[in-house]
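K.L.:
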Amino acid sequence: MSLYVALDNLGYRTHHMKEVFMNAEVQGDAWVNVTRQFKAGETIDFSVALGGYTAAVDWPAAAVYKELLAANPGAKVILTTRDFDSWYESAYTTIWQIPEAVKHMQVPWFRRKMLAPRLAFYRIHRELNWDREGSGGGFAGRFLDKEYARKVYEDHIAEVKRVVPKGQLLVYSVKEGWGPLCAFLGKKAPQDVPFPNINDAIEFQASIQRTKALVDQMWREQAAFGAVMVAAVAGGAVLLFKLLGRKSSS
Numbered sequence: 062m063s064l065y066v067a068l069d070n071l072g073y074r075t076h077h078m079k080e081v082f083m084n085a086e087v088q089g090d091a092w093v094n095v096t097r098q099f100k101a102g103e104t105i106d107f108s109v110a111l112g113g114y115t116a117a118v119d120w121p122a123a124a125v126y127k128e129l130l131a132a133n134p135g136a137k138v139i140l141t142t143r144d145f146d147s148w149y150e151s152a153y154t155t156i157w158q159i160p161e162a163v164k165h166m167q168v169p170w171f172r173r174k175m176l177a178p179r180l181a182f183y184r185i186h187r188e189l190n191w192d193r194e195g196s197g198g199g200f201a202g203r204f205l206d207k208e209y210a211r212k213v214y215e216d217h218i219a220e221v222k223r224v225v226p227k228g229q230l231l232v233y234s235v236k237e238g239w240g241p242l243c244a245f246l247g248k249k250a251p252q253d254v255p256f257p258n259i260n261d262a263i264e265f266q267a268s269i270q271r272t273k274a275l276v277d278q279m280w281r282e283q284a285a286f287g288a289v290m291v292a293a294v295a296g297g298a299v300l301l302f303k304l305l306g307r308k309s310s311s
């Protein structure tokens, strides 16, 4: 999240997972198509998913970084690194919690179409990341196996260093601030603007709570709708009984 804000401050229009939540109607369908093309081994069309953006960070773009690099051969790539244990703890309390939370949510049937883009995003999150096998940072359904996750993490870093051409890659920690980032991108550091320090865990927990609150509200609406329907049917039954009573007595 810190790099996302930093790149925006440098003048980029940056894609981030947050963009998908904010524009789920378009972004959900777009990334479903990206996932379908990726799994089919087709050339990926990023024109809808990333149209209008000049940078992309975090998931889901990071899951297809090799395909993005193939589509943009001269692109600069920033590989952010941190201690594995702190990364794992952060990932567990943020991005891992979103599909896990949604997996256990029961969405009212009459609201599923409205939530389809967002639910589709949660599904591809699992397909491109948590359940994905092979290279590219997929955890093959074993993220909770910490030592397996460690190997995936380390292999992914090694792969990025191997795949991205020299001169196009910056291995970077956000703790380094503006200096290395601006030098790599050929940008001037913003004057009197501290490097962003965003707490991802708080942001993601808030996102999960918003989704849960939305689903809870839908269930309340369904309950209220059901109560009205029961009352209407009961009223109709009383009327029917009265009419039948009149008919039988005549």
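For the working numbering, count along the sequence shown from 1 and bump the result up by 61.
Backbone N, C-alpha and C define an ideal beta-carbon position, used for all residues, glycine too.
In the DSSP assignment, find the unbroken beta strand (DSSP E) run with L231 in it and report its ends.
P.N.:
Position 170 of the sequence shown, counting from 1, holds the residue named residue 231. Segment 230-233, the beta strand (DSSP E) holding L231.
K.L.:
In angstroms with no decimal places, state the Cα-to-Cα distance between V235 and D69.
P.N.:
Counted from its first residue, the sequence shown places residue 235 at position 174. Counted from its first residue, the sequence shown places residue 69 at position 8. Near 15 angstroms, if we compare the C-alpha coordinates of D69 and V235.
K.L.:
Please report the straight-line C-alpha distance between W191 and D216, rounded to a whole angstrom.
P.N.:
By one-based count along the sequence shown, residue 191 stands at place 130. By one-based count along the sequence shown, residue 216 stands at place 155. Rounded to the nearest angstrom, the two C-alpha atoms are 15 angstroms apart.
K.L.:
Are there 16 or more other CB atoms within 10 angstroms of the CB of T75, so buried, or fewer, so exposed?
P.N.:
Numbered from its first residue, the sequence shown carries residue 75 at position 14. Buried, because 16 or more other Cβ atoms sit within 10 Å of the Cβ of T75.
K.L.:
Short of 6 angstroms in beta carbon distance, which residues of its chain neighbour W120, apart from the five on each side in sequence? Order them along the chain.
P.N.:
If you number the sequence shown from 1, residue 120 lands on position 59. Hits under 6 angstroms: M78.
K.L.:
Would you identify the three-state DSSP class for V125, choosing helix, strand or coil?
P.N.:
Here residue 125 refers to the residue found at position 64 when the sequence shown is read from its first residue. Looking at V125 - three-state DSSP - the assignment turns out to be helix.
K.L.:
Tell me whether the stretch 142-149 and the stretch 195-212 touch, counting them as touching only if at least three CB pairs, one residue from each stretch, are closer than 8 angstroms.
P.N.:
The stretch 142-149, when compared against the stretch 195-212, does touch it at the 8 angstroms Cβ threshold.
K.L.:
At what residue ranges does the stretch 194-224 contain a whole run of the alpha helix (DSSP H), taking only runs of 4 or more?
P.N.:
As far as the stretch 194-224 is concerned, its whole alpha helix (DSSP H) runs of at least 4 residues are 207-224.
K.L.:
I want to check one thing, is the minimum distance from the CB of R211 to the heavy atoms of the ligand SAM below 7 angstroms?
P.N.:
No copy of the ligand SAM appears in this structure; indeed no ligand is present at all.
K.L.:
Can you tell me whether E80 is buried or exposed? The criterion is at least 16 other CB atoms within 10 Å of its CB, across all chains shown.
P.N.:
Your numbering for residue 80 matches position 19 in the sequence shown. Under this definition E80 is a buried residue.
K.L.:
Using DSSP's beta-bridge definition, name the partner residues of I139.
P.N.:
As a first step, residue 139 is located in the sequence shown; it is residue number 78 there, counting from the start. Paired residues: L231.
K.L.:
Might you give, ordered along the chain, the residues of its own chain that have their beta carbon closer than 6 angstroms to the beta carbon of V109, omitting 5 neighbours on each side?
P.N.:
As a first step, residue 109 is located in the sequence shown; it is residue number 48 there, counting from the start. Correct list, in chain order: A91.
K.L.:
Counting along the chain, where does the alpha helix (DSSP H) carrying V87 start and finish?
P.N.:
In the sequence shown, counting from the first residue as 1, residue 87 sits at position 26. Its alpha helix (DSSP H) spans residues 85-100.
K.L.:
Under 6 angstroms Cβ to Cβ from R203, same chain only, skipping five residues before and after it: list those, please.
P.N.:
To locate residue 203, count along the sequence shown from 1; it is residue 142. If we look at R203 and ignore the five residues flanking it on each side, its Cβ neighbours are Y209.
K.L.:
Determine the direct distance from the alpha carbon of V232 to that of A181, and round the result to whole angstroms.
P.N.:
Within the sequence shown, the letter at position 120 stands for residue 181. Within the sequence shown, the letter at position 171 stands for residue 232. Spanning the two alpha carbons is a distance of roughly 32 angstroms.
K.L.:
For R187, tell me which candidate among E128, L64, K100 has the shortest Cα-Cα distance.
P.N.:
The residue you call residue 187 lines up with position 126 of the sequence shown. The residue with the shortest Cα to Cα distance from R187 is K100.
K.L.:
From which residue to which residue does the alpha helix (DSSP H) around Y149 run?
P.N.:
Counted from its first residue, the sequence shown places residue 149 at position 88. Where Y149 is concerned, the enclosing alpha helix (DSSP H) stretches over 145-154.
K.L.:
How many angstroms separate the CA atom of T155 from the CA atom of A67?
P.N.:
Working through the sequence shown from its first residue, we reach residue 155 at position 94. Working through the sequence shown from its first residue, we reach residue 67 at position 6. Going by the C-alpha atoms only, they are around 20 angstroms apart.
K.L.:
Leaving aside the five residues before and after K249 along the sequence, list all residues of the same chain whose C-beta is less than 8 angstroms from its C-beta, in chain order.
P.N.:
Stepping through the sequence shown from its first residue, residue 249 is reached at position 188. Hits under 8 angstroms: C243.
K.L.:
For H186, name the three-state secondary structure that DSSP assigns.
P.N.:
Residue mapping note: residue 186 aligns to position 125 of the sequence shown, counting from 1. Here H186 sits in helix by DSSP.
K.L.:
For P241, report the span of its alpha helix (DSSP H) as first-last.
P.N.:
The residue labelled residue 241 in the question sits at position 180 within the sequence shown. First-last of the alpha helix (DSSP H) with P241: 239-246.
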